[in-house]
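Worksheet for the structure shown next.
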Amino acid sequence: MMEESESRKQTLVSSLESAGIWIPDNVTSIGDLSPETFVSICAQCVNLIDQTASLPTTLPDAAIDKLKMCADMGLAIKRLGFIGDMSYIKLLYPSEDDVHKLTRFLVERLTESTRPVEIAEVKDVNARGKTKEDGSNIGGRLDLNHQREKLEDPSLHNAVPEAEEIPFNGLSRQNLGKAKLPAFFYGELFDEEGKSGRDLFGNEETAAAGDDKDVQKAISNKEQPSMVIIEKEELRNEEKALTEEVTAKTSELQHLEGELELLKAAAEMAFGDQNSIDFCFEQLKEQVDAKRCNITELKSQWDAFRMPLEDKKRNLEESLYANIPDSQEKLQKLRELEHEKQLVLSEITKREEEHSKLSADLEKQPKLPSRTSYIERIKEITKSSQKQDADIKRILKETRELQLESNSIQDRLHRTYAVLDEIVCREAKRDPVVRKAYRLLTSLHDCFGQISEKILTTDRISREMTELEKKLAAMASRSLNVDKLQADLDAIVKENECLELRLAENP
Numbered sequence: 001m002m003e004e005s006e007s008r009k010q011t012l013v014s015s016l017e018s019a020g021i022w023i024p025d026n027v028t029s030i031g032d033l034s035p036e037t038f039v040s041i042c043a044q045c046v047n048l049i050d051q052t053a054s055l056p057t058t059l060p061d062a063a064i065d066k067l068k069m070c071a072d073m074g075l076a077i078k079r080l081g082f083i084g085d086m087s088y089i090k091l092l093y094p095s096e097d098d099v100h101k102l103t104r105f106l107v108e109r110l111t112e113s114t115r116p117v118e119i120a121e122v123k124d125v126n127a128r129g130k131t132k133e134d135g136s137n138i139g140g141r142l143d144l145n146h147q148r149e150k151l152e153d154p155s156l157h158n159a160v161p162e163a164e165e166i167p168f169n170g171l172s173r174q175n176l177g178k179a180k181l182p183a184f185f186y187g188e189l190f191d192e193e194g195k196s197g198r199d200l201f202g203n204e205e206t207a208a209a210g211d212d213k214d215v216q217k218a219i220s221n222k223e224q225p226s227m228v229i230i231e232k233e234e235l236r237n238e239e240k241a242l243t244e245e246v247t248a249k250t251s252e253l254q255h256l257e258g259e260l261e262l263l264k265a266a267a268e269m270a271f272g273d274q275n276s277i278d279f280c281f282e283q284l285k286e287q288v289d290a291k292r293c294n295i296t297e298l299k300s301q302w303d304a305f306r307m308p309l310e311d312k313k314r315n316l317e318e319s320l321y322a323n324i325p326d327s328q329e330k331l332q333k334l335r336e337l338e339h340e341k342q343l344v345l346s347e348i349t350k351r352e353e354e355h356s357k358l359s360a361d362l363e364k365q366p367k368l369p370s371r372t373s374y375i376e377r378i379k380e381i382t383k384s385s386q387k388q389d390a391d392i393k394r395i396l397k398e399t400r401e402l403q404l405e406s407n408s409i410q411d412r413l414h415r416t417y418a419v420l421d422e423i424v425c426r427e428a429k430r431d432p433v434v435r436k437a438y439r440l441l442t443s444l445h446d447c448f449g450q451i452s453e454k455i456l457t458t459d460r461i462s463r464e465m466t467e468l469e470k471k472l473a474a475m476a477s478r479s480l481n482v483d484k485l486q487a488d489l490d491a492i493v494k495e496n497e498c499l500e501l502r503l504a505e506n507p
């Protein structure tokens, strides 16, 4: 029972800390709270629950101000729905029972006031997971296909002035050979596609050379026959398919190598007797941290490499759609969408950091008993209370039966004594021996009456003693410090004297 009580006290302290209440480091349970710390915690809780309240979180120096502050705090706590006495004595000179009862009430109100926020946080976490799941591949593929689809909008193509009335079907390499476009437009498109290829393969020099080569080929393709163009397109498609296949095989090989490393590590942990489970766990944790740092470094490198490419792409788009108002509007909307996407990604990253931090704090929290143990404990208490109720009903029934039996015996005795008294009194007038017996009977009846009264008085006194002992134990549990009370009283007297002197000086 003592361990359970101590765990409940520690649970209350941890609940207050999780709600944002400041608690000193030397306080680990409710029993360690001093009156000053207890008043500070109550003020913080009231201010957090009732946004309109502005109670000070520290006790003032003047005794009168202390009493006034505690009285105001008591009224604020009563307004929150606290049932029971809530005077300044409960705050300045609290007992352990008072501290536990009031702290539990404040924790319940804090939980009720913060419940909608927690639900919203859970919804944000779910939305974050969905956003992360949908948007994780977008950043990996650089969103090139999405940009091409935006540029392939038919409304944009209809607004582009062309040399001949030939429909513009897209910006892919297959369509560039078929469409008759101006030379500068044709070259810029190949230059942009070359930049995209540089993004995909990471070889800057090769991409630059490929850009120049593609531009020259694009200029010369206008004069070549259509069959040669078709053959080159087929070769280019085959080359692209082979490159994609090589990339897929490479990624698959890397994945298999990673799985092999994991299997090796698992085999070492399973068959290695010299390493304990904690050591293996720490090693895995170090590897995860190293991978996380590596990912962060790669991300920073990619950001540094991506920014100039995006600037160049933005400049090309502005020069391309400079004379097309509709295209400029759509381009502006596209940039706004990209900006919103960046904001969402940054919010996702922020939420992930908060989630990891909260997970680490949760792991550091002391392990509390499970909910099942609390439920079993509640069931045991319910069963014991039901058993006690049955015992109380049985005792009350027996007491009632004994009371009825006692009343019937007393009535029978009174009737017997009245009949006997009448008979003996009548015979005592004629016989001196009977008169003497009557006197003995009267004295015996008086003695039994006194004994009965003494028994009833003794029973009443014992009940009163029990009640006084309970009150004495409650007073002792309050841990009232007489010296502290006397010091506060002296301080109040001195403050009153000072106020009287000021009033006398300033009539």
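Quick note, the sequence shown lines up with residues 1 to 507 if you use full-length UniProt numbering. Every residue, glycine too, gets a C-beta built ideally from N, C-alpha and C. Since we're looking at a predicted model, the values are computed, not measured.
Euclidean distance between Cα positions of residue i and residue j
| i | j | result |
| --- | --- | --- |
| residue 243 | residue 233 | 15 Å |
| residue 372 | residue 378 | 10 Å |
| residue 294 | residue 369 | 39 Å |
| residue 15 | residue 472 | 33 Å |
| residue 80 | residue 475 | 27 Å |
| residue 185 | residue 259 | Confidence at residue 185 is low in this model, with a pLDDT of 38, below 50, so its placement is unreliable and the value that follows should be read with caution. Cα to Cα, residue 185 sits roughly 48 Å from residue 259. |
| residue 35 | residue 356 | 37 Å |
| residue 48 | residue 358 | 21 Å |
| residue 483 | residue 92 | 14 Å |
| residue 392 | residue 386 | 10 Å |
| residue 389 | residue 400 | 16 Å |
| residue 468 | residue 462 | 10 Å |
| residue 406 | residue 442 | 22 Å |
| residue 257 | residue 264 | 10 Å |
| residue 376 | residue 384 | 12 Å |
| residue 398 | residue 439 | 38 Å |
| residue 136 | residue 50 | Low local confidence applies: a pLDDT of 40 at residue 136 is under 50, so the model's placement there is unreliable, and no value is given. |
| residue 460 | residue 453 | 11 Å |
| residue 74 | residue 24 | 23 Å |
| residue 446 | residue 430 | 24 Å |
| residue 78 | residue 360 | 37 Å |
| residue 421 | residue 412 | 14 Å |
| residue 493 | residue 101 | 33 Å |
Where the alpha helix (DSSP H) containing residue i begins and where it ends
| i | result |
| --- | --- |
| residue 55 | From DSSP, residue 55 is part of no alpha helix (DSSP H); its letter is neither H nor E. |
| residue 386 | 371-428 |
| residue 486 | 482-505 |
| residue 31 | Per DSSP, residue 31 belongs to no alpha helix (DSSP H) and is neither H nor E. |
| residue 49 | 35-49 |
| residue 350 | 325-364 |
| residue 322 | Element bounds for residue 322: n/a, residue is neither H nor E. |
| residue 59 | Counting along the chain, residue 59 falls outside any alpha helix (DSSP H), and DSSP gives it neither H nor E. |
| residue 88 | 88-92 |
Exposure label - residue i; buried when at least 16 CB within 10 Å
| i | result |
| --- | --- |
| residue 448 | exposed |
| residue 255 | exposed |
| residue 465 | exposed |
| residue 69 | buried |
| residue 331 | buried |
| residue 321 | buried |
| residue 167 | Interpretation of residue 167 is limited by its pLDDT of 40, a score under 50 that renders its predicted location unreliable; no figure is taken from the coordinates. |
| residue 66 | buried |
| residue 374 | exposed |
| residue 510 | With the chain running from 1 to 507 in the structure shown, residue 510 is simply not present. |
| residue 251 | exposed |
| residue 317 | buried |
| residue 249 | exposed |
| residue 327 | buried |
| residue 86 | buried |
| residue 267 | exposed |
| residue 402 | exposed |
Residue i: CB within 7 Å of a non-hydrogen atom of the ligand GTP
| i | result |
| --- | --- |
| residue 410 | For the ligand GTP, the structure offers nothing, since it holds no ligand at all. |
CA nearest to the CA of residue i, picked from the options
| i | options | result |
| --- | --- | --- |
| residue 310 | 324, 338, 29 | 338 |
| residue 19 | 46, 26, 304 | 46 |
| residue 33 | 297, 103, 71, 454 | 103 |
| residue 21 | 463, 366, 110 | 110 |
| residue 366 | 71, 438, 28 | 28 |
| residue 425 | 288, 261, 437, 502 | 437 |
| residue 417 | 404, 444, 432 | 444 |
| residue 353 | 403, 402, 292, 382 | 292 |
| residue 107 | 41, 501, 88, 76 | 41 |
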